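This report refers to the structure that appears directly beneath it.
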Amino acid sequence: SVRTNFSWTGSILDARFNTTLEGTYAINRNQSRSIDINFNPQERFVLSGEERRPVFVQTSSIVPATGAIASRDARVSQAFSRVSEYRSDLSSRSAQLMLRISPINRGVTRFSWNAAYTYMRVREQVSGFSSTDGNPIDVEWAQSAQGPHQISYGFRYTFFKLVQLGWNGSFRSGTAYTPGIIGDVNGDGYSNDRAYIFNPASTPDVLFASAMQQLIDNSRGEARQCLMKQLGTIAARNSCRGPWMTAGSMNLSIDRVKFRLPNRTSMQFSVTNPMGAFDLLLHGNGKLRGWGQNPAPDPSLLYVRGFEPESKQYTYEVNQRFGASRPQFVQQRSPVSMTISFKVDMGPTRERQMLQQQITSAMKENDRRGWESNYRSMGASGIANPMSTILRSQDSLQLTSVQADSIASMNRRYTYRTDSLWTPVARHFAALGADYRMGTEYDRYIQARHDQIDFMINVVLALRELLTPAQRRKLSQSTNNMLDPQYLRAMRNGNGMYLPFGGSVGFNMGG
């Protein structure tokens with residue numbers, strides 16, 4: 009295939025939303041198809057009442073009472089039936105445009121959402137042996153069955169700082185289908201003939217016209233429009249479209265601290281196809297609305313019931329369930345499933361692994377002063393300093409002189425306090441001998457980290473009051489996280505390797 013694409017990502021509306029716009033265009037070549045090389049395309053007669061649809065067998069090969077066909081006249085060699093050959097000579101063209109939007113959340117928030125819209129248009133070459141209105145050897149361009157529109161969305165909400173509800177769902181335009189005939193009409197040996205949409209007003213058979221009118225009157229929405237716009241013609245491929253489809257999944261996560269779970273564990277409840285569960289719960293098995301299902305409309309419009317050799321016309325029966333997608337008739341429903349997931353981070357924290365690596369490396373060298381500086385830097389930089397970041401961005405944030413002076417003063421106090429906490433700890437680590445105990449030394453490290461974070465929490469409470477909402481919106485996600493006491497408390501005991509944060513469920517609502 010040959011494809012091209014573009015992508016744009018940026019913030020809009022005063023840095024309130026992240027937006028992504030993507031487009032793709034592709035030309036797909038050498039697409040496969042199956043062709044019957046034993047098919048003889050010699051036309052024997054035409055169905056004048058169906059836009060002169062060609063038939064490739066003699067009238068004597070059609071059973072008048074049933075309309076069944078013996079397709080020997082349409083064979084190159086009557087010694088064989090179907091002889092399929094697979095070729096790769098078709099093409100398709102696809103274009104897709106997608107728009108995604110989500111709010112820029114500055115720190116841990118209670119509610120977060122995202123949404124996306126996708127438009128796709130696919131035109132493809134198709135073989136008449138899959139769907140035909142004439143000669144099955146002919147290749148035509150037609151739209152694909154895939155629905156062109158899809159709306160995806162997701163949201164997360166935290167209730168009482170205890171439980172987080174997450175929901176992801178989508179709405180998709182219905183799958184296209186072709187009004188067809190049950191039975192072989194053109195004699196090619198395949199049940200691939202598209203239906204002729206008889207106009208009840210001009211059909212001489214009164215009973216058949218009445219049945220056709222009844223179907224039109226009882227049909228709704230897309231199915232009725234599809235029939236009305238094609239009266240008096242052979243249906244085009246994928247000219248009808250089913251109803252919109254919905255899908256969704258739901259999950260519940262709990263705050264492990266509030267529920268007194270171990271520090272590095274998480275528990276989550278997931279439900280697949282919750283809409284199907286709600287449909288069954290609210291309406292009962294006999295009155296389902298089809299929520300959470302993928303309805304497949306009945307594409308069969310006509311049944312072959314006989315053939316009149318004199319007039320060279322078939323006798324049809326109208327399928328009154330054409331286009332029906334009522335959930336009561338769905339044989340295979342999308343199931344509802346529930347999963348309970350419990351995760352445990354078994355390994356040591358990142359901070360413990362880093363400390364052990366530093367101590368092991370220091371034991372191999374004889375540079376206590378150099379390693380004392382390394383230990384002090386490791387401890388102090390283990391917690392990002394949001395004040396230094398804000399001061400470096402004071403021009404873009406448009407800090408006032410009062411704000412800048414106050415933040416600089418806070419930063420000096422925090423830096424002095426951090427240095428006074430980690431200097432004695434670093435001196436102790438640098439003096440360790442080979443008989444040290446890692447558990448004891450890590451406890452010493454964690455105690456200093458606790459003191460540093462507790463002091464940071466007091467500082468950021470004042471810092472948040474200094475900044476305006478507009479200024480905070482311009483800060484990065486990571487900087488805003490460091491201004492949130494909940495986030496800081498979650499980091500007190502270190503960070504797990506595989507689970508978020510260290511002491512909370514990590515309800516990270518970043519956009």
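So in the numbering used here, the last one in the sequence shown is 519, and the numbering has no gaps at all. All C-beta atoms, glycine included, are put in the ideal place defined by N, C-alpha and C. Computed from a predicted structure; not experimentally measured.
Taking only the alpha-carbon atoms, compute the straight-line gap between Pro317 and Gly250 and give it to the nearest angstrom.
37 Å
Distance cutoff 7 Å, beta carbons only. Does Glu30 sit that close to anything in chain C?
Among the chains in the structure shown there is no chain C, since it carries only a single protein chain.
If distances are taken between C-alpha atoms only, which option among Asn489, Arg400, Arg297 and Leu363 comes closest to Arg384?
Leu363
Alpha carbon to alpha carbon, how far is Ser342 from Ala255?
10 Å
Pop quiz: Phe331 and Cys248 are said to be a contact at Cβ under 8 Å. What is the actual Cβ separation, rounded to whole angstroms?
Residue identity check: residue 331 is Gly in the sequence provided, not Phe. That pair is a contact at about 7 Å.
With H, G and I counted as helix, E and B as strand and the rest as coil, what does DSSP make of Leu483?
coil
Which value, in whole angstroms, describes the spacing of the CA atoms of Leu440 and Gly162?
52 Å
In this structure, what does DSSP give as the bridge partners for Gly162?
Asn122 and Asn176
Excluding the 5 residues preceding and the 5 following Pro307 in the sequence, name in chain order all residues of the same chain whose CB lies nearer than 7 Å to its CB.
Tyr185, Thr186, Pro187 and Gly188
Please confirm whether Val467 and Leu491 have their CB atoms less than 7 Å apart.
no
Given this structure, state the Cα-to-Cα distance separating Thr17 from Trp430, to the nearest angstrom.
42 Å
In this structure, what does DSSP give as the bridge partners for Ser261?
Gln172 and Gln276
Run through DSSP, which three-state label would Ala392 get?
coil
Near Arg425, what residues of its chain come up, given a Cβ to Cβ distance below 6 Å and the 5 sequence neighbours on each side ignored?
Phe463
Tell me the DSSP secondary structure of Asn13 in three-state form.
strand
Buried versus exposed, by CB contacts within 10 Å (16 or more), Asn293:
exposed
With DSSP as the reference, identify every bridge partner of Gly256, one or two as the case may be.
Gly177
Judging by CA-CA distance, which residue of Gln104, Asn281 and Val10 is the nearest neighbour of Trp299?
Asn281
Find the nearest neighbour of Tyr165 within the set Gln158, Ser120 and Ser199, judged by alpha-carbon distance.
Ser120
Evaluate Leu483 with the Cβ neighbour count: other Cβ atoms within 10 Å of its Cβ, from every protein chain shown; 16 or more gives buried, anything less gives exposed.
buried
Local Cβ density within 10 Å of Trp149, reported as buried at 16 or more and exposed below that
exposed
Excluding the 5 residues flanking Pro356 on each side, which residues of the same chain have their C-beta closer than 7 Å to its C-beta?
none
Among the residues of its own chain, which have a CB less than 7 Å from the CB of Phe286, if the five just before and after it don't count?
Trp299
Checking the sheet assignment: what are the DSSP bridge partners for Ser478?
At residue 478 the sequence reads Ala, which differs from the Ser that was named. In DSSP, Ala478 forms no bridge with anything.
If you drop the 5 nearest sequence neighbours on each side, which residues of the same chain put their C-beta closer than 6 Å to that of Leu29?
Trp16 and Leu107
From Glu230 to Arg329, what distance separates their C-alpha atoms?
14 Å
In the DSSP assignment, the alpha helix (DSSP H) including Trp430 goes from what residue to what residue?
Ser409 to Ala438
Under 7 Å, do Ile159 and Phe179 count as touching if we go by C-beta distance?
yes
Pairwise C-alpha distance: Phe168 and Gln221
58 Å
Round the Cβ separation of Arg1 and Ala123 to the nearest angstrom and send it over; I've been treating them as touching at under 8 Å.
One cannot answer for residue 1 here, as it falls past the ends of the chain, which runs 9 to 519.
Which residues in the same chain as Gly182 place their Cβ atom closer than 8 Å to its Cβ, once the five residues preceding and following it in sequence are excluded?
Gly155, Glu230, Arg249, Gly250, Pro251, Trp252, Met253, Pro303 and Pro305
Whole-angstrom distance between Ala217 and Thr211, CA atom to CA atom:
6 Å
Can you tell me whether DSSP reads Arg334 as helix, strand or coil?
coil
Can you tell me the Cα-Cα spacing of Ile367 and Gln460, whole angstroms?
21 Å
Only counting the same chain, and skipping five residues up and downstream in sequence, which positions put a Cβ closer than 8 Å to that of Ser486?
Ala392
Could you check what DSSP says for Val467 in three-state terms: helix, strand or coil?
helix
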